[in-house]
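The structure appears below as C-alpha coordinates.
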Amino acid sequence: MNQPQRVPMPGQAWGLAAEGTGGPVFVTSYAGKNLSATVLTAMDVAGGVLWHREFDGHPSPPRVNTSGSVWVAHRGPAGAVLTELDSAGSTLRSITPEHEPF
(Lines of atoms letter the chains of each structure in order from A; the text may use other names.)
(Lines give C-alpha, C1' and ligand atoms only; values in the text may rest on other atoms or scores of the structure.)
Protein backbone atom coordinates (compact mmCIF):
# COMPACT_ATOMS: atom_id res chain seq x y z
CA MET A 7 0.00 0.00 0.00
CA ASN A 8 1.20 3.51 -0.79
CA GLN A 9 2.02 5.84 2.08
CA PRO A 10 -0.15 8.97 2.21
CA GLN A 11 1.59 12.09 0.95
CA ARG A 12 2.38 14.69 3.60
CA VAL A 13 1.55 18.29 2.81
CA PRO A 14 2.53 21.04 5.29
CA MET A 15 -0.55 23.00 6.38
CA PRO A 16 -0.67 26.24 8.40
CA GLY A 17 -2.72 24.51 11.11
CA GLN A 18 -5.21 21.73 11.83
CA ALA A 19 -7.25 20.91 8.70
CA TRP A 20 -10.97 21.54 9.15
CA GLY A 21 -12.62 20.87 5.79
CA LEU A 22 -11.95 20.28 2.10
CA ALA A 23 -13.69 20.48 -1.26
CA ALA A 24 -12.85 19.96 -4.92
CA GLU A 25 -14.83 20.48 -8.12
CA GLY A 26 -13.65 17.15 -9.53
CA THR A 27 -10.84 14.61 -9.63
CA GLY A 28 -8.49 17.00 -11.44
CA GLY A 29 -8.43 19.48 -8.58
CA PRO A 30 -7.55 21.88 -7.25
CA VAL A 31 -8.38 20.75 -3.72
CA PHE A 32 -9.36 23.53 -1.32
CA VAL A 33 -8.62 22.97 2.38
CA THR A 34 -9.62 25.17 5.32
CA SER A 35 -7.51 25.13 8.46
CA TYR A 36 -6.60 27.19 11.46
CA ALA A 37 -3.73 29.68 11.11
CA GLY A 38 -1.26 27.72 13.22
CA LYS A 39 -2.00 28.26 16.91
CA ASN A 40 -4.25 31.22 16.10
CA LEU A 41 -7.68 29.67 16.63
CA SER A 42 -9.48 32.84 15.55
CA ALA A 43 -8.19 32.81 11.96
CA THR A 44 -9.09 30.67 8.96
CA VAL A 45 -6.63 29.79 6.20
CA LEU A 46 -7.91 28.61 2.82
CA THR A 47 -5.25 26.62 0.95
CA ALA A 48 -5.49 25.53 -2.69
CA MET A 49 -3.49 22.43 -3.61
CA ASP A 50 -3.02 20.50 -6.83
CA VAL A 51 -3.84 16.79 -6.76
CA ALA A 52 -0.13 15.96 -6.38
CA GLY A 53 -0.10 17.87 -3.06
CA GLY A 54 1.62 21.01 -4.29
CA VAL A 55 0.43 24.19 -2.58
CA LEU A 56 -0.89 26.70 -5.12
CA TRP A 57 -1.80 29.51 -2.71
CA HIS A 58 -3.01 30.43 0.82
CA ARG A 59 -5.49 33.14 1.88
CA GLU A 60 -6.20 34.11 5.49
CA PHE A 61 -9.53 35.30 6.93
CA ASP A 62 -10.84 36.21 10.38
CA GLY A 63 -12.81 33.58 12.24
CA HIS A 64 -13.16 29.86 12.89
CA PRO A 65 -12.73 27.62 9.80
CA SER A 66 -15.62 25.78 8.20
CA PRO A 67 -15.61 23.51 5.14
CA PRO A 68 -15.29 25.36 1.81
CA ARG A 69 -17.73 24.87 -1.07
CA VAL A 70 -16.80 24.74 -4.76
CA ASN A 71 -19.24 25.62 -7.53
CA THR A 72 -19.33 24.25 -11.08
CA SER A 73 -17.34 27.20 -12.45
CA GLY A 74 -14.40 26.28 -10.18
CA SER A 75 -14.67 29.18 -7.76
CA VAL A 76 -14.64 28.43 -4.04
CA TRP A 77 -16.76 29.87 -1.22
CA VAL A 78 -15.60 30.14 2.37
CA ALA A 79 -17.64 31.32 5.36
CA HIS A 80 -15.76 33.25 8.05
CA ARG A 81 -16.33 35.96 10.63
CA GLY A 82 -15.28 39.52 10.02
CA PRO A 83 -15.55 42.69 12.12
CA ALA A 84 -19.22 43.05 11.15
CA GLY A 85 -20.14 39.39 11.72
CA ALA A 86 -20.42 36.48 9.30
CA VAL A 87 -18.98 36.94 5.81
CA LEU A 88 -19.23 34.69 2.74
CA THR A 89 -16.30 35.16 0.35
CA GLU A 90 -15.99 33.77 -3.17
CA LEU A 91 -12.50 33.30 -4.64
CA ASP A 92 -11.47 32.14 -8.10
CA SER A 93 -9.14 29.19 -8.64
CA ALA A 94 -6.15 31.60 -8.63
CA GLY A 95 -7.07 32.88 -5.14
CA SER A 96 -8.41 36.30 -6.15
CA THR A 97 -11.49 37.51 -4.28
CA LEU A 98 -14.48 37.73 -6.60
CA ARG A 99 -16.98 39.01 -4.03
CA SER A 100 -17.90 39.05 -0.36
CA ILE A 101 -21.40 38.94 1.07
CA THR A 102 -22.38 39.89 4.61
CA PRO A 103 -25.68 38.18 5.44
CA GLU A 104 -28.07 40.17 7.60
CA HIS A 105 -29.54 38.35 10.57
CA GLU A 106 -30.99 38.91 13.99
CA PRO A 107 -28.37 39.47 16.70
CA PHE A 108 -27.74 36.58 19.09
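All you need for our numbering is the position in the sequence shown, starting with 1, plus 6. C-beta atoms are modelled at their ideal positions from N, C-alpha and C, and glycine is treated no differently.
{"Check": "Tell me which residues share the same chain as M15 and place their Cβ nearer than 6 Å to its Cβ, disregarding the 5 neighbours each side in the sequence.", "Outcome": "S35"}
{"Check": "Would you check if the distance between the CB atom of H80 and the CB atom of D62 is smaller than 9 Å?", "Outcome": "yes"}
{"Check": "Which complete beta strand (DSSP E) runs does the segment 72 to 102 hold, if anything under 3 residues is left out?", "Outcome": "76 to 82, 85 to 91, 97 to 101"}
{"Check": "Go through the segment 26 to 50 residue by residue and report every complete run of the beta strand (DSSP E) that reaches 3 residues or more, in order.", "Outcome": "31 to 37, 40 to 49"}
{"Check": "I think V76 touches A23, with their Cβ atoms under 8 Å apart; what is that distance to the nearest whole Å?", "Outcome": "7 Å"}
{"Check": "So if DSSP puts R12 in a beta bridge, which residue, or which two residues, is it bridged to?", "Outcome": "Answer is none; R12 lacks a bridge partner."}
{"Check": "Which term fits P67, buried or exposed, when burial requires 16 or more other beta carbons within 10 angstroms of its beta carbon?", "Outcome": "exposed"}
{"Check": "Can you tell me whether DSSP reads G54 as helix, strand or coil?", "Outcome": "coil"}
{"Check": "Checking the sheet assignment: what are the DSSP bridge partners for G21?", "Outcome": "T34"}
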